[in-house]
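S.K.: After the structure tokens below, expect a handful of questions from me.
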Ligand SMILES: Cc1cc2nc3c(=O)[nH]c(=O)nc-3n(C[C@H](O)[C@H](O)[C@H](O)COP(=O)(O)O)c2cc1C
């Protein structure tokens, strides 16, 4: 079993895939199941995933991704969306944790109130939160894929308006990232070098 540390250190952004490799829908569903265990503010769970596997859909997605070929070569590409206005569904989403005795009703009520007050009419916060949540879920998905021996690549190079035209995204769905997934072919780069710790860590 790959440890989380191994997955973090071994993964790399893959752009060359074995085009005939098929990932079963159950595996795609399992990866989304795991991604959805990521944390989100107030447990908003403000994310949505569209897994694109059909050849015609891949071709449309490639166009929306400025022609990047990995979208067609990968077994699937997830369109990872963050959802705006998720505070409106929070009461219902927290209900399950209250019923299970994980959090008290009083906390759920206070979170619903706080989220409504801060998010209602605040497009900037809704967008920030959508990007935060979708990004955390995207990373969970990529690490879970690594454990299964699958390669992934995060992509921000796409035209969101074009995506909205061709895929079932609604007004609340903000496309945050594409994640290609499949079996790596020959010729991918290893993980690139990272900046030294003393440049990025401040211990106070
Ligand atoms: C938010 C984001 C957007 C990215 N967009 C693209 C993209 O559109 N096309 C692409 O080929 N790679 C894209 N990448 C991959 C980056 O180039 C890659 O993660 C970076 O070079 C580090 O690579 P490594 O993790 O393999 O070391 C993106 C990565 C992230 C996290």
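Numbering (the working numbering), first residue to last: 41 to 244.
Glycine included, each C-beta is placed from N, C-alpha and C at the ideal position.
#1: If you run the structure through DSSP and keep just helix, strand and coil, what is residue 108?
#2: Between residue 44 and the rest of its own chain, which residues show a CB-CB distance below 8 Å, the 5 nearest in sequence each way excluded?
#3: Assuming contact is defined by CB atoms lying nearer than 9 Å, are residue 101 and residue 218 in contact in what I supplied?
#4: Just tell me which of 46, 129, 75 and 62 has its CA closest to the CA of residue 222.
#5: Is residue 200 helix, strand or coil by DSSP?
#6: Alpha carbon to alpha carbon, what distance is there between residue 155 and residue 139?
#7: Can you tell me whether residue 94 sits near ligand 1, meaning its C-beta is under 8 Å from at least one heavy atom of the ligand?
#8: Starting from residue 60, trace the alpha helix (DSSP H) in both directions and tell me its first and last residue.
#9: So residue 122 is in the beta strand (DSSP E); what residue range does that whole segment cover?
#10: Taking the beta carbon of residue 106 as the centre, do at least 16 other beta carbons fall within 10 Å, making it buried, or is it exposed?
#11: Just mark residue 232 as buried or exposed, buried being the case when its beta carbon has 16 or more other beta carbons within 10 Å.
#12: Could you tell me the alpha carbon to alpha carbon distance between residue 103 and residue 51, rounded to whole angstroms?
#13: Between 193, 168 and 180, which has its C-alpha nearest residue 124's C-alpha?
#14: Go ahead and pull the three-state DSSP assignment for residue 214.
#15: Contact check, residue 133 vs residue 85 under 8 Å by CB: the rounded distance?
M.R.: With the structure as the only source:
#1: Here the question's residue 108 lines up with position 68 in the chain shown. In this structure, residue 108 counts as coil in the three-state DSSP scheme.
#2: Walking along the chain shown from the start, residue 44 turns up at place 4. Correct list, in chain order: 183.
#3: For the purposes of this step, residue 101 is taken as residue 61 along the chain shown, with counting starting at 1. For the purposes of this step, residue 218 is taken as residue 178 along the chain shown, with counting starting at 1. Yes, the pair counts as a contact, with Cβ atoms nearer than the cut-off.
#4: Looking up residue 222 in the chain shown gives position 182. Nearest C-alpha to residue 222: 62.
#5: Here residue 200 corresponds to residue number 160 of the chain shown, with the count starting at 1. Reduced to three states, the DSSP call for residue 200 is helix.
#6: Sequence index remark: in the chain shown, residue 139 carries index 99 (1-based). Sequence index remark: in the chain shown, residue 155 carries index 115 (1-based). Roughly 20 Å between the two C-alpha positions.
#7: Taking the chain shown and counting its residues from 1, the one referred to as residue 94 is at position 54. No; taking the cut-off as 8 Å, the Cβ of residue 94 has no heavy atom of ligand 1 nearer than that.
#8: For the purposes of this step, residue 60 is taken as residue 20 along the chain shown, with counting starting at 1. It is not in any alpha helix (DSSP H) - residue 60 carries neither H nor E in the DSSP assignment.
#9: Here the question's residue 122 lines up with position 82 in the chain shown. Its beta strand (DSSP E) spans residues 116 to 123.
#10: Along the chain shown, one-based indexing puts residue 106 at 66. Looking at its Cβ environment, which holds fewer than 16 other Cβ atoms inside 10 Å, residue 106 is exposed.
#11: Taking the chain shown and counting its residues from 1, the one referred to as residue 232 is at position 192. With fewer than 16 Cβ atoms within 10 Å of its Cβ, residue 232 is classed as exposed.
#12: Stepping through the chain shown from its first residue, residue 103 is reached at position 63. Stepping through the chain shown from its first residue, residue 51 is reached at position 11. If you take the alpha carbons of residue 103 and residue 51, they lie about 26 Å apart.
#13: Here the question's residue 124 lines up with position 84 in the chain shown. The residue with the shortest Cα to Cα distance from residue 124 is 168.
#14: By 1-based counting over the chain shown, the position of residue 214 is 174. Strand at residue 214.
#15: As a position in the chain shown, residue 133 is number 93, starting the count at 1. As a position in the chain shown, residue 85 is number 45, starting the count at 1. Yes, residue 133 and residue 85 are in contact; Cβ-Cβ is about 6 Å, under 8 Å.
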